[in-house]
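To start, the structure under review is shown below, and the notes come after it.
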Amino acid sequence: MGLLVYSVWLLVCVCVMCVCVCDSCDVKPAQDCGCNTLHRHRTEEEEEDEEGGRNGQTAAHKYSVTANKEFVNKVKKEETLSKMLRMQGGWFLMGTDDPGIPQDGEGPQRRIWLEPFYIEEHEVTNLQFQSFANITHHVTEAEQFGDSFVFEGLLSEEVKSSLSHAVAAAPWWSPVKGADWRHPEGPDSSITHRMDHPVLHVSWTDAQAYCEWAGRRLPTEAEWEFACRGGLQDRLYPWGNKLMPRGQHYANLWQGEFPNHNTAEDGFTQTSPVKRFPANAFGLYDMVGNVWEWTADWWSVHHTRDNTHNPKGPKTGSDRVKKGGSYMCHKSYCYRYRCAARSQNTPDSSASNLGFRCAADITL
């Protein structure tokens, strides 16, 4: 592995007004939790190797069902894979004409047609990813690089004392040696009592590898947003416009003052078990909050109303789209726990608030 060099670009924020529908709020500038600035830069040797994968194959192929077909029949899929729910597709309104964070390309609102598809009812868990890793011997990019980004508020004092630097634009993020999906907060942590929590520290490439091994794929951004909306039109959240209907928490988000104090009124200071909060009308859990979710699309902030049938995003790019926000999202910082909200990371990025769920085509 060549020398890993981290470079973080200062995020230039444009002050925008908070979107307030059925919720009262103070007008605050749109700020950012900084997780979309967590990029890895590789050496030339690593870039060249990426053309054919680090071992001559892409991770998605190497750990696909086809490449590992001898293992598939040994796995009890009802124990390993998430339940898939059928989405009927059809026309829906994607994006918004009243963006909470305009520079993210949340608009314009556009009418989109989708073919029917399947999507997993919850995010891929540590238990499920462990089964995949045990069978395929998949090594995540965080494990290959030797570190991953962790929110500093979750680190032990011992790990904090070993940190050499933090992210300039978001000092609550630090690259931590030994942080990976098995050790979410660094080498002195484990997932032993979090097997039903979403897997963390998985790059886009890792997520793609898991989905292909499972005979599935990552959802497109349009599919993800269709699923998130749960059949509701032009609403902020999967359940409507009010963040806490009847005073109930519907998602794992940050309460209190970010990044210094999380009051955990929803019961959690970090990830929560999947299916802990109410499902949307489609029966899908944690479509917002808990962890960010990778999608298949390349990132762009420019959209047209021309490509209306099963859009798959740009043909090329440098970043991939992630959706849904995470347990670190607060309205004053990273107001991205909305169906139309979006963000991005490089495909090799990994962090302590980033996971995924799979989708699949419906074949006749």
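Residue numbers (mature numbering (1 follows the signal peptide of the UniProt record, and there is no 0)): -24 to -1, 1 to 340.
For glycine and all other residues, C-beta sits at the position ideal for the given N, C-alpha and C.
Three-state class that DSSP yields for residue i in the structure shown
| i | result |
| --- | --- |
| A155 | coil |
| S137 | helix |
| G191 | coil |
| E82 | coil |
| S302 | coil |
| R205 | helix |
| N329 | coil |
| G265 | coil |
| S107 | helix |
| C(-12) | Because the pLDDT at C(-12) is just 33, under 50, the model does not fix this residue reliably, and the point stays unresolved. |
| A185 | helix |
| A272 | strand |
| G129 | helix |
| N286 | coil |
| E119 | helix |
| V41 | Since pLDDT at V41 reaches only 39, below the 50 mark, its modelled position is unreliable, and no value is offered. |
| R222 | helix |
| W180 | helix |
| T101 | strand |
| N12 | helix |
| A336 | strand |
| N31 | Residue confidence for N31 is low, a pLDDT of 39 falling below 50, so the modelled location carries little weight; the figure read from the coordinates is stated next. Correct three-state label for N31: coil. |
| E197 | helix |
| V3 | Note on V3: pLDDT 33, under 50, position unreliable in the model; no value is reported. |
| Q320 | strand |
Cβ neighbour criterion (16 or more within 10 Å) applied to residue i
| i | result |
| --- | --- |
| E97 | buried |
| E197 | buried |
| I338 | exposed |
| Q320 | buried |
| N228 | buried |
| W157 | buried |
| N236 | exposed |
| W67 | exposed |
| K299 | buried |
| R222 | exposed |
| W200 | buried |
| N12 | buried |
| Q224 | exposed |
| W238 | The displayed chain sequence assigns Asn, not Trp, to residue 238. Per the 10 Å Cβ criterion, buried. |
| G232 | exposed |
| G331 | buried |
| P290 | exposed |
| S248 | buried |
| S166 | exposed |
| Y39 | Bear in mind that a pLDDT of 36 at Y39, under 50, signals an unreliable position, so the number given afterwards is only what the model happens to contain. Classification of Y39: buried, given that the 10 Å Cβ count is 16 or more. |
CB contact flag (residue i, residue j, <8 Å)
| i | j | result |
| --- | --- | --- |
| N266 | P174 | yes |
| residue 345 | E269 | It is not possible to answer for residue 345, since the shown part of the chain is limited to -24 through 340. |
| N329 | Y303 | yes |
| S326 | H177 | yes |
| D73 | A317 | no |
| G301 | C310 | yes |
| G71 | R86 | yes |
| R193 | C334 | yes |
| Y213 | V152 | no |
| V250 | T271 | no |
| G259 | L14 | no |
| W89 | F125 | no |
| E91 | L131 | no |
| M63 | A185 | no |
| S107 | T56 | yes |
| S308 | F234 | yes |
| E128 | A109 | no |
| P78 | H279 | no |
Integer-rounded CB distance, given that residue j should sit under 8 Å from residue i
| i | j | result |
| --- | --- | --- |
| I95 | P195 | 6 Å |
| D295 | W275 | 4 Å |
| N256 | G206 | 3 Å |
| T112 | W189 | 6 Å |
| T101 | D172 | 6 Å |
| D164 | E119 | Their Cβ separation, rounded to whole angstroms, is 16 Å, which puts D164 and E119 out of contact at 8 Å. |
| D123 | A144 | At roughly 17 Å, the Cβ-Cβ gap does not stay under 8 Å, so D123 and A144 are not in contact. |
| F93 | G65 | 6 Å |
| L69 | D273 | That pair is no contact at about 18 Å. |
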